Structures are given as C-alpha cells and as structure tokens.
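Q:
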Amino acid sequence: MVGVWGFLSEKYIGAAVCILETHDTTVSDKVRGLVRMVQVSPTLTLVDLTIRGLPEGTYWVTVREAGDISNGAISTAGLWKGDGEGTPKGVFGTVSVGKNGMGSVFLDKPIQIWEMIGRGMVVSRQHEGDRKFEKNDENTLVGVIARSAGVWDNDKTVCSCSGKTLWEERKDEISKGLSSASHTL
Numbered sequence: 001m002v003g004v005w006g007f008l009s010e011k012y013i014g015a016a017v018c019i020l021e022t023h024d025t026t027v028s029d030k031v032r033g034l035v036r037m038v039q040v041s042p043t044l045t046l047v048d049l050t051i052r053g054l055p056e057g058t059y060w061v062t063v064r065e066a067g068d069i070s071n072g073a074i075s076t077a078g079l080w081k082g083d084g085e086g087t088p089k090g091v092f093g094t095v096s097v098g099k100n101g102m103g104s105v106f107l108d109k110p111i112q113i114w115e116m117i118g119r120g121m122v123v124s125r126q127h128e129g130d131r132k133f134e135k136n137d138e139n140t141l142v143g144v145i146a147r148s149a150g151v152w153d154n155d156k157t158v159c160s161c162s163g164k165t166l167w168e169e170r171k172d173e174i175s176k177g178l179s180s181a182s183h184t185l
C-alpha cells in the first residue's frame with residue numbers, strides 16, 4: 001500500500017520516519033540510520049538523514065516504488081518515478097560518510113508525505129538510477145517509510161486519572177529521586 005493518505009486534502013501537513021538497516025546476515029548491529037521527514041507546506045518536505053557504521057564515501061539516497069524489504073534493496077523494485085515528468089521523485093541526493101563512519105544530510109524535496117508512506121528507502125554506494133538493485137551488501141541500507149507524529153504532536157497520556165503525559169510523569173519521578181539511568185518511562 002503506497003500513498004495511503006492520499007484522500008486527505010492537499011493542505012495536509014504530515015511527518016514520516018524511516019529506520020535504515022542492513023540486510024547482511026553477518027552484521028550484528030543491523031540498524032545504521034534514521035530518516036525524519038516533515039512536510040512544511042503543500043509542496044515541500046524537509047528530510048533529515050543520519051547514518052553511522054559505514055565505510056567512508058558517498059552514498060546515494062533513493063525512494064523506491066515498493067516497500068518490500070524482505071530481500072533488502074533487491075525487493076524494493078525500481079526508483080520511484082512519481083508523475084513521470086522530469087527527474088524521478090525518488091532521487092533524493094547523496095550523503096557523505098566521513099572517516100568516523102558517520103554521515104548526515106538535510107534535504108528539501110518538492111513532495112508530499114502521503115506520497116511516500118509505505119515505499120522503500122535505500123542508501124547505497126550503488127548508483128542504480130532507475131534500475132532495480134541486483135545485489136545487496138553489508139553497506140546498503142534499507143527501510144520502509146512510515147507515518148509519524150510531527151514535532152510535539154504525540155503527547156502520550158500515562159495515567160488517564162492524572163492526565164499527565166509521559167514527559168510530565170518522568171519529570172515527577174526524577175524529582176522524587178529516581179535515577180533516569182535506572183528508570184526510564
């Protein structure tokens with residue numbers, strides 16, 4: 001299911017998240033990155049991507065037609081073309097990874113959040129263009145783009161009797177002397 005929120009008005013402002021991981025079975029720490037996306041206008045989405053644990057170099061960031069990551073990048077299908085006019089919508093750009101194995105990039109894209117929900121995202125040294133991936137490697141990262149609450153849009157109520165949010169409960173517990181290192185909410 002892709003673009004499942006398309007029934008909402010064009011003025012819908014949303015947020016999304018994508019956890020990036022390797023599908024290499026020999027790697028113990030599979031999660032290698034996080035992508036946060038916030039739609040700030042009807043035609044502009046800000047993308048904040050952070051990755052770690054990769055060799056130094058340039059990596060391509062793409063959104064794919066499918067969100068099937070069961071076989072890594074191979075099963076994500078081709079590059080997301082969008083309306084077929086001009087540059088495909090799935091071309092996000094590149095991120096540089098330094099000698100410390102970390103990289104981050106902040107991008108702005110003329111897309112809407114609902115268009116990406118359920119699609120796969122791939123970060124890879126392979127510049128596949130609009131072709132499908134033919135192989136996976138330990139440094140190719142994949143994830144599925146999922147809807148997310150926007151900034152401060154998800155205040156969780158811990159106790160319906162007090163009506164306090166998770167953050168208010170935590171503050172109260174810390175003020176009672178509970179160590180934040182040994183007790184997390």
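Residues in the sequence shown are numbered consecutively from 1, following UniProt numbering.
Virtual Cβ for every residue (Gly too), placed ideally from N, Cα, C.
Values in this document were obtained by computation on a predicted structure and should not be read as measured data.
Could you tell me the alpha carbon to alpha carbon distance between E21 and S75, rounded to whole angstroms?
A: 14 Å
Q: Out of R52, S104, I145 and R64, which has the shortest C-alpha to C-alpha gap to T94?
A: Closest option to T94, Cα to Cα, is S104.
Q: Using the three-state DSSP reduction, which class does M102 fall into: helix, strand or coil?
A: Three-state DSSP puts M102 in coil, outside helix and strand.
Q: Anyone know if the C-beta pair for I69 and G118 falls short of 7 Å?
A: no
Q: Are the CB atoms of V97 and L54 nearer to each other than 7 Å?
A: Contact: yes.
Q: Where K109 and I174 are concerned, what is the direct C-alpha to C-alpha distance, given to the nearest angstrom?
A: 41 Å
Q: Quick one: what's got a C-beta closer than 8 Å to P88's C-beta in the same chain, skipping five residues either side?
A: L79, W80, K81, G82 and D130
Q: Short of 6 Å in beta carbon distance, which residues of its chain neighbour D137, apart from the five on each side in sequence? Order them along the chain.
A: Leaving aside the five residues that flank D137 on each side, none in its chain has a CB nearer than 6 Å to its CB.
Q: Just to confirm, is the Cβ distance from V122 to T45 under 7 Å?
A: no
Q: Within 10 Å of its beta-carbon, does S28 have 16 or more other beta-carbons around it, so buried, or fewer, so exposed?
A: exposed
Q: Near V144, what residues of its chain come up, given a Cβ to Cβ distance below 8 Å and the 5 sequence neighbours on each side ignored?
A: C18, G67, I69, G118, R119, G120 and M121
Q: Reducing DSSP to helix, strand and coil, say where E168 ends up.
A: If DSSP states are grouped into helix, strand and coil, E168 belongs with the helices.
Q: Measure the alpha-carbon distance for G72 versus K176 and round it to whole angstroms.
A: 47 Å
Q: V142: which of D48, G57, R64 and D172 sits nearest, CA to CA?
A: R64
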